[in-house]
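Colleague:
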DNA sequence: CTGTTAGCGCGTTCAC
DNA sequence: GTGAACGCGCTAACAG
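Residue numbers (this note's numbering), protein chains in the order written: chain A, 1 to 346; chain B, 347 to 692.
#1: Rank A/190, A/42, A/89, A/58 by C-alpha distance to the C-alpha of residue 306 of chain A and give the top, closest one.
#2: Against chain B, does residue 3 of chain A count as a neighbour if the rule is that its beta carbon must be under 8 angstroms from one of theirs?
#3: Could you check the C-alpha separation between residue 290 of chain A and residue 256 of chain A for me, to the nearest Å?
#4: Are the beta-carbon atoms of residue 556 of chain B and residue 565 of chain B separated by less than 8 angstroms?
#5: Compare the C-beta of residue 358 of chain B against all C-beta atoms of chain A and say whether one is closer than 8 angstroms.
#6: Could you check if residue 41 of chain A is buried or exposed, using at least 16 other CB atoms within 10 Å of its CB as the buried criterion?
#7: Give every residue of the same chain whose Cβ lies closer than 8 angstroms to the Cβ of residue 35 of chain A, excluding the five residues on either side of it in the sequence, and list them in chain order.
#8: Taking the C-alpha atoms as reference points, what is the distance between residue 103 of chain A and residue 568 of chain B?
#9: Examine chain A for any beta-carbon lying closer than 8 angstroms to the beta-carbon of residue 497 of chain B, and answer yes or no.
#10: Could one say the Cβ of residue 75 of chain A lies closer than 8 angstroms to chain B's Cβ atoms, at least one of them?
#11: Step through the CB atoms of chain B and report whether any lies within less than 8 angstroms of the CB of residue 244 of chain A.
#12: Quick test of your reading: residue 228 of chain A and residue 196 of chain A, contact by CB under 8 angstroms. State the CB separation rounded to the nearest angstrom.
#13: Taking a cut of 9 angstroms between CB atoms, which residues from the segment 55 to 71 of chain A lie near chain B?
#14: Sorted by chain position, which residues of the same chain lie with C-beta nearer than 6 angstroms to residue 669 of chain B's C-beta, five sequence neighbours on each side aside?
#15: Who are the near neighbours of residue 4 of chain A in its chain, counting only those whose CB is closer than 6 angstroms to its CB and skipping five residues on each side?
#16: Compare the Cα-Cα distances from residue 413 of chain A to each of A/108, A/107, A/174, A/147 and report the closest residue.
#17: Would you verify that the beta carbon of residue 639 of chain B is, or is not, closer than 8 angstroms to some beta carbon of chain A?
#18: Quick one: is residue 107 of chain A buried, meaning 16 or more other Cβ sit within 10 Å of its Cβ, or exposed?
#19: Does residue 433 of chain B come out as helix, strand or coil in the three-state DSSP assignment?
#20: State the start and end residues of the unbroken alpha helix (DSSP H) segment that holds residue 25 of chain A.
#21: Just verifying my parser: in three-state terms, what is the DSSP assignment at residue 546 of chain B?
#22: DSSP state of residue 226 of chain A, grouped into three classes?
#23: Below 8 angstroms between beta carbons: does that hold for residue 82 of chain A and residue 335 of chain A?
#24: If you measure beta-carbon to beta-carbon, which residues of the segment 433 to 455 of chain B are closer than 7 angstroms to chain A?
#25: Within 8 angstroms of any Cβ in chain A, is that where the Cβ of residue 692 of chain B sits?
#26: How many angstroms separate the CA atom of residue 487 of chain B from the CA atom of residue 446 of chain B?
#27: From residue 301 of chain A to residue 609 of chain B, what distance separates their C-alpha atoms?
#28: Taking the alpha helix (DSSP H) that residue 635 of chain B falls in, what are its first and last residues?
#29: Going by DSSP, what residue range makes up the beta strand (DSSP E) through residue 62 of chain A?
#30: Does any CB atom of chain A fall closer than 8 angstroms to the CB of residue 474 of chain B?
#31: Taking Cβ positions only, does residue 457 of chain B come closer than 8 angstroms to chain A?
#32: May I have a chain-ordered list of the alpha helix (DSSP H) segments no shorter than 4 residues that lie completely inside the segment 595 to 624 of chain B?
#33: For the alpha helix (DSSP H) containing residue 484 of chain B, name the first residue and the last one.
#34: Output the distance between the C-alpha atoms of residue 644 of chain B and residue 241 of chain A, rounded to the nearest integer angstrom.
#35: Is DSSP giving residue 509 of chain B helix, strand or coil here?
#36: Just checking: is the beta-carbon of residue 395 of chain B within a distance shorter than 8 angstroms of some beta-carbon in chain A?
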């Protein structure tokens with residue numbers, strides 16, 4: 001019922017930032033014209049575009065993406081949901097994703113599930129509340145609600161790390177079973193027969209468990225019994241690797257080779273072996289997965305199945321961006337494969 | 347329970363998500379009451395709260411944080427701006443920040459400057475467009491515009507990694523000069539005199555350059571001339587460490603100790619030395635900074651000045667959250683210090 | 001303790 | 001090519 005005062009400089013809530021309306025006033029056009037000049041410059045005359053640009057510059061206008069997001073839905077935010085940041089494996093992927101997204105003017109919202117699919121479901125709900133432009137999540141296994149929601153969501157989704165059947169939308173990763181099989185076969189080819197699988201966090205990290213499964217498959221295919229498994233409840237670390245070495249040396253019959261669920265564990269074993277003077281691979285061959293930067297600098301360098309993690313991140317972002325720009329990616333499901341890097345530890 | 351179609355199924359732009367209005371209808375209250383029941387439960391009656399909760403549950407309501415952000419300003423997003431994710435140093439900090447924020451219901455928006463303060467300024471502008479609840483940035487040096495904007499912004503800001511005079515708002519970190527001095531003094535105390543500083547990326551990483559400065563100060567205080575500096579343009583890596591070892595061994599007079607700008611570089615030197623049979627510390631003492639997990643697993647373990655990075659992240663998040671909850675943190679500027687961890691490499 | 005009103009800043013209708 | 005309305009979903013004000 002009041003109208004007279006406070007009409008103009010209200011600011012009772014705003015943060016006093018320069019808004020699109022300010023730019024419009026300065027440029028002598030309607031707000032919508034500024035919006036068009038900025039977002040679809042083709043639909044505005046050169047002259048107006050120039051005036052608007054000048055006003056933007058003069059006022060130091062920065063768009064409020066929140067308001068834009070509310071109006072149009074789509075905030076140029078891409079949530080990236082991974083199990084943990086304490087695992088080096090994810091860092092390079094995230095780094096690559098972030099670089100690519102940022103170059104395209106999108107921001108990465110990083111969230112972690114702590115390996116819990118229920119938490120993941122909650123996070124997906126939450127981040128969808130930000131009207132993101134797309135979503136990147138880890139793996140192909142999710143809470144059923146996540147799958148339903150994202151499928152009917154209608155915006156681009158990429159699942160990374162693992163590749164397989166029936167992704168929610170797009171998918172870039174590697175085949176975990178194949179990884180497990182390949183390392184076991186490599187060890188068998190090298191002549192090792194008393195092969196142990198050492199795994200960390202297998203109960204939580206089902207992709208590591210897949211590697212174990214592939215490992216056992218390969219042994220079975222070679223007509224051998226299932227290999228023994230050393231399992232550690234904690235996430236992989238150099239310290240767990242050191243413990244694993246001790247446990248391996250205490251086993252009877254003494255194993256001649258160990259496949260480790262990831263390179264951190266394998267590196268921990270090599271580092272501990274070096275400290276204790278255990279000769280690698282003569283006394284024990286060690287193989288890892290995923291190819292961390294440290295692997296090649298150890299003595300001997302670690303034999304590992306390298307996965308192109310940066311590339312995985314880059315491609316995941318690329319797929320997302322293509323879809324955001326209205327294109328239809330040629331191969332929305334990509335198996336990046338892996339490479340056996342023989343370092344000398346086998 | 348279906349209403350008359352038409353009004354309920356408009357969805358002409360929205361994503362068809364359940365909104366607060368839907369919950370209000372279901373619970374038989376006004377939308378604002380639902381808002382209050384969810385955000386400030388103390389201000390509504392038990393009965394209403396229960397009805398609202400039931401409706402939320404029944405409908406599967408998830409708040410649209412974008413809309414909330416527009417209305418109230420404050421999206422429960424905390425941008426974290428760091429130079430790079432390729433540096434292990436930042437990962438643990440980020441991990442700790444993310445864990446703490448997420449536990450409090452905030453999301454982390456991660457952006458990288460690629461060591462460029464102009465890029466940082468652009469990023470700050472961009473992320474402020476998301477009406478974040480607070481901001482965390484790296485270091486105390488920024489583009490003047492960043493400092494002005496954030497100071498008048500009025501929401502909590504934490505600068506991390508480095509501690510010093512005149513932060514924008516709050517500050518948690520370590521004193522770079524002190525780090526540099528402490529390592530140099532340690533090497534001097536051990537009796538080394540031909541001490542080299544090996545640094546990576548010093549032109550970009552001014553905090554690493556501060557450590558060099560402190561290093562030279564300590565030499566000067568001991569009445570020694572400025573030590574030689576080996577400088578590498580790239581970011582630190584194990585490979586650069588290997589090159590550094592070669593360069594060190596080629597110097598005349600042959601140095602007896604090297605302080606490395608960070609632990610990656612130092613580890614690279616130790617790994618290469620181990621490969622080449624160089625005896626550490628007899629032929630060359632090696633010291634690092636920041637205390638990466640790998641350090642203690644090398645042979646010999648690396649002597650380093652450990653910085654509590656997880657703690658830094660946790661405390662930064664904690665300060666921010668305290669302010670977001672209306673409290674005034676006791677110590678808004680915190681020097682976390684460092685610990686000399688003697689590993690045997692010196 | 002609860003409801004009414006009025007926007008937050010922008011983009012999508014539709015007009016002109 | 002440009003502009004006027006309207007509304008996205010939510011919450012700060014100010015009643016009652």
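Just so you know, even glycine gets a beta-carbon here, dropped at the ideal spot from N, CA and C. Computed from a predicted model, the values in this text were never measured in an experiment.
Modeller: Quick answer:
#1: A/89
#2: The predicted model places residue 3 of chain A with a pLDDT of 30, which falls under 50 and marks its position as unreliable; any figure quoted below should be read in that light. Cβ-Cβ to chain B under 8 angstroms: no for residue 3 of chain A.
#3: 22 angstroms
#4: no
#5: Any reading at residue 358 of chain B must be qualified, since the residue scores a pLDDT of 39, below 50, and its modelled position is unreliable; the value itself is stated next. For residue 358 of chain B, the answer is no, since every Cβ of chain A falls outside 8 angstroms of its Cβ.
#6: exposed
#7: 20
#8: 48 angstroms
#9: no
#10: yes
#11: no
#12: 5 angstroms
#13: 60, 62, 63, 64, 65, 66, 67, 68, 69, 70, 71
#14: 502
#15: Model confidence at residue 4 of chain A stands at a pLDDT of 30, short of 50, so the residue's coordinates are unreliable and nothing is read from them.
#16: Here chain A has residues from 1 to 346 only, and residue 413 of chain A is not among them.
#17: yes
#18: buried
#19: coil
#20: 20 to 27
#21: strand
#22: coil
#23: no
#24: 437, 440, 441, 444, 448, 453, 454, 455
#25: no
#26: 25 angstroms
#27: 20 angstroms
#28: Where residue 635 of chain B is concerned, there is no enclosing alpha helix (DSSP H), although the beta strand (DSSP E) it sits in stretches over 631 to 636.
#29: From DSSP, residue 62 of chain A is part of no beta strand (DSSP E); its letter is neither H nor E.
#30: yes
#31: yes
#32: 609 to 622
#33: From DSSP, residue 484 of chain B is part of no alpha helix (DSSP H) but of the beta strand (DSSP E) over 481 to 484.
#34: 13 angstroms
#35: coil
#36: no
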